[in-house]
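>
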Amino acid sequence: MATSRRKQEERNLRVLREQGALEANRTCFDCRQRGTTYINMTIGSFVCTSCSGLLIEIVKAVAINPLTSIDPS
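Residues in the sequence shown are numbered from 1 upward in steps of one, following the UniProt record's numbering.
#1: Below 7 Å, is the gap between the Cβ of Ile-56 and the nearest heavy atom of the ligand SAM?
#2: Only counting the same chain, and skipping five residues up and downstream in sequence, which positions put a Cβ closer than 7 Å to that of Arg-34?
#3: Along the chain, where does the alpha helix (DSSP H) containing Asn-25 start, and where does it finish?
#4: Span of the alpha helix (DSSP H) holding Gly-53?
#5: Taking the beta strand (DSSP E) that Ile-39 belongs to, which residues open and close that run?
#6: Give a yes or no on whether the C-beta atoms belonging to Phe-46 and Ile-39 are separated by under 8 Å.
Shown next, in the form of structure tokens:
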């Protein structure tokens with residue numbers, strides 16, 4: 001079971017990185033600054049570090065937290 005969970009986490013992270021590589025997702029949804037490193041999980045938008053500070057309760061660091069329950073579609 002741990003193996004299937006790990007595989008799912010890897011798939012989710014791969015999809016997330018693919019989405020983050022899209023040109024539209026390289027710009028902060030809130031302020032339009034280039035360079036997004038966080039996701040607003042409430043609406044599924046990519047945001048910059050500055051805006052993530054304002055949204056700290058509803059964002060997850062892309063590089064730090066494993067994403068286990070996102071719908072990649």
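Glycine residues also receive a C-beta, built at the ideal position from the N, C-alpha and C atoms.
Taking the definition as stated:
#1: Of the ligands one can find in the structure shown there are none, so the ligand SAM has no counterpart to examine.
#2: Excluding sequence neighbours, Arg-34 sits near Arg-26, Thr-27.
#3: Taken as a continuous stretch (DSSP letters only), Asn-25 belongs to no alpha helix (DSSP H), as it is neither H nor E.
#4: 49-54
#5: Unbroken beta strand (DSSP E) run through Ile-39: 38-40.
#6: yes
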